Amino acid sequence: MRNVFNFSAGPAMLPEAVLVKAQEEMLNWQGTGMSIMEIGHRTELFQSMVNKIEENLRELMGIPENYQVLFLAGGATAQFAMVPLNLLTEIKKADYIDTGIWSQKAIKEASRYGEVNVVANAKKVDGHWLIPDENEWQLSEKADYFHYTPNETIGGLAFNYVPKKPTAPLVADMTSMILSEPINVRDFGVIYAGAQKNLGQAGITVVIIRKDLIKEPIFLTPTLYQYKIEAESSSLYNTPPTYSWYILGLVLEWMKNEGGLDGIYQKNCRNAARLYDLIDHSNPFYSCDVLPRFRSKMNVVFSLPNENLLSLFLKQSYEVGLTFLKGHKLLGGARASIYNAMPEEGITKLIAFMQEFAAQYG
Ligand SMILES: *Cc1c(COP(=O)(O)O)cnc(C)c1O
């Protein structure tokens, strides 16, 4: 057993079982005498691997037949452009809600292609961050889609519901929460997620798109940025990030062994609840300025009484094998990213450390 628990926001901790399996298979993948890295993407061997991966993803998420699953390169950031390039029509207008830094990046990119209407912004009320109620959103009369970020990785602010008000198809950047809780795929037009937080290794992005939304772009769009072409070529228009795809497959197998989405979700709920409970009862040594209702179960953002204590906290935690607890550079403070791969022992160890640290310096 490894004894380091990595709280990085991404690339993030991977399940140990996945790393062990990848190591075992490194030189001889499925009895071929070759590494998966050396296998051509147009071979039957590779094809059967990716078919199985799609089947497992469909099973875990309950993806209906009328949705296409794409495995693309370029990270979630490429989707910030692909979404408007492929979904805008002659209306050329989209609604976005701004709940933090990732929404803002998506908004900035979409603004290059069409009109973006920001329906609302996250705000701080009485010292706590919250997402304004749906009734307060200024939705467009007509929009090609509605984009939101269910979990804001940097600010630790999360929706605790799926928006009901927008009539345009929902587009969700699920990069930091995909497969961490049950969802109903039918609620969405497009779901996308880079892999390096909950799905595996950086380099591959999952896009789940309702088939009727796949059409010829109205813009002059690079070939690789067209959903239609990627769909027609089963995500194999050019050489894909084959190793990242393979690791994604191992992560899905691991999830199935862990009791699937329900099992993972229960564990994630317990982990987040224990950590927030400690923060809220630390009298107030640690504090979290997100309103409890909107707290992320994946990225627990908190602060310490001052910068000196924060540096000491980061240094000492790293030394005992609780790594990368530093908050994002834009926000400062501390952040514990506790994705699917974070075991309960990691939380137990972190809590014990935080209690001792507060007792000593509080
Ligand atoms: C990490 C992250 C991204 C950026 O992903 P890249 O793979 O670096 O493009 C986008 N959105 C969210 C919500 C993220 O957490």
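Straight run, no breaks: the sequence shown in the numbering used here ends on number 368.
Yeah, the Cβ is synthetic: ideal placement off N, Cα and C, and Gly gets one too.
Bear in mind that the values here come from a model prediction, so they are computed numbers and not experimental data.
1) Where Ile189 and Ala79 are concerned, what is the direct C-alpha to C-alpha distance, given to the nearest angstrom?
2) Assign Cys275 to one of two classes, buried (16 or more other C-beta atoms within 10 Å of its C-beta) or exposed (fewer than that).
3) With three or more beta-carbon pairs closer than 8 Å as the criterion, would you say the stretch 59–72 touches the stretch 31–47?
4) How many angstroms separate the CA atom of Phe86 from the CA atom of Phe330?
5) Give me the Cβ distance between Gly407 and Leu91, rounded to the nearest whole Å; I'm assuming they're in contact under 8 Å.
6) Following a CB-centred definition, is Asp104 positioned closer than 7 Å to any heavy atom of ligand 1?
7) Quick check for students: name the residue ranges of the beta strand (DSSP E) that lie wholly in the stretch 104–175, counting only runs of 3 or more.
8) Following the continuous beta strand (DSSP E) through Asn305, name the residue where it begins and the one where it ends.
9) Just grab the DSSP bridge partners of Phe77 for me.
10) Check whether the Cβ atoms of Val125 and Tyr151 sit closer than 8 Å, and answer yes or no.
11) With hydrogens ignored, establish whether the beta-carbon of Trp143 is closer than 7 Å to any heavy atom of ligand 1.
12) So the candidates are Pro298, Glu187, Ala84; which of them puts its Cα closest to the Cα of Gly133?
13) Would you mind stating whether Ala342 and Phe13 have Cβ atoms separated by less than 8 Å?
14) Run through DSSP, which three-state label would Val177 get?
15) Suppose you measure from the CA of Ala84 to the CA of Tyr367; what does that come to, to the nearest Å?
16) How do the stretch 191–210 and the stretch 240–253 stand: do at least 3 beta-carbon pairs fall below 8 Å, yes or no?
17) Would the beta-carbon of Glu158 fall within 8 Å of that of Thr245?
18) Answer yes or no: the CB of Gly81 versus the heavy atoms of ligand 1, is any distance below 7 Å?
19) What three-state label does DSSP hand Asp218 in the structure shown?
20) Under 7 Å: does the beta carbon of Gln110 sit that close to some heavy atom of ligand 1?
21) Does DSSP put Ile224 in a helix, a strand or coil?
22) Classify Asn127 as buried or exposed, calling it buried when 16 or more other Cβ atoms lie within 10 Å of its own Cβ.
23) When every heavy atom of ligand 1 is checked, does at least one fall within less than 7 Å of the C-beta of Asp179?
24) Given a threshold of 16 other Cβ atoms within 10 Å of its Cβ, counted over all protein chains shown, does His153 qualify as buried or as exposed?
25) Report the residue from Thr229, Asn312, Val307 whose alpha carbon sits nearest the alpha carbon of Trp135.
26) Taking the alpha carbon of Asp295 as the point to measure from, which residue in Leu267, Glu264, Ile137 has its own alpha carbon closest?
By the coordinates alone:
1) Going from the Cα of Ile189 to the Cα of Ala79 covers about 24 Å.
2) When all chains shown are included, Cys275 counts as exposed.
3) Under the three-pair Cβ rule at 8 Å, the stretch 59–72 does not count as touching the stretch 31–47.
4) Phe330 has its alpha-carbon roughly 27 Å from the corresponding atom of Phe86.
5) This structure does not reach residue 407, given that the chain is present from 7 up to 368, and the question cannot be answered.
6) Because no heavy atom of ligand 1 lies under 7 Å away, the Cβ of Asp104 does not count as near it: no.
7) Entirely contained in the stretch 104–175, the beta strand (DSSP E) runs reaching 3 residues are, in chain order, 121–127, 129–131, 134–136, 152–154.
8) It spans 305–308 - the beta strand (DSSP E) in which Asn305 sits, taken as one unbroken run.
9) According to DSSP, which records beta bridges pairwise, Phe77 is partnered with Val212.
10) No.
11) No, the beta carbon of Trp143 sits no closer than 7 Å to any heavy atom of ligand 1.
12) Nearest C-alpha to Gly133: Pro298.
13) Taking 8 Å as the cut-off, the beta carbon of Ala342 is found closer than this to the beta carbon of Phe13.
14) If DSSP states are grouped into helix, strand and coil, Val177 belongs with the strands.
15) Each residue's Cα considered, the two are about 44 Å apart.
16) Cβ pair count under 8 Å is three or more, so yes.
17) The answer is no: Cβ separation not under 8 Å.
18) For ligand 1, at least one heavy atom lies less than 7 Å from the Cβ of Gly81.
19) Of the three classes helix, strand and coil, the one that applies to Asp218 here is helix, per DSSP.
20) In this structure, the C-beta of Gln110 stays at least 7 Å away from each heavy atom of ligand 1.
21) Here Ile224 sits in coil by DSSP.
22) Counting other Cβ atoms within 10 Å of its Cβ, Asn127 stays below 16 and is therefore classed as exposed.
23) At least one heavy atom of ligand 1 is nearer than 7 Å to the Cβ of Asp179, so yes.
24) His153 is buried by the Cβ-count criterion.
25) Comparing Cα positions, the closest option is Val307.
26) Looking from the CA of Asp295, the closest CA among Leu267, Glu264, Ile137 belongs to Ile137.
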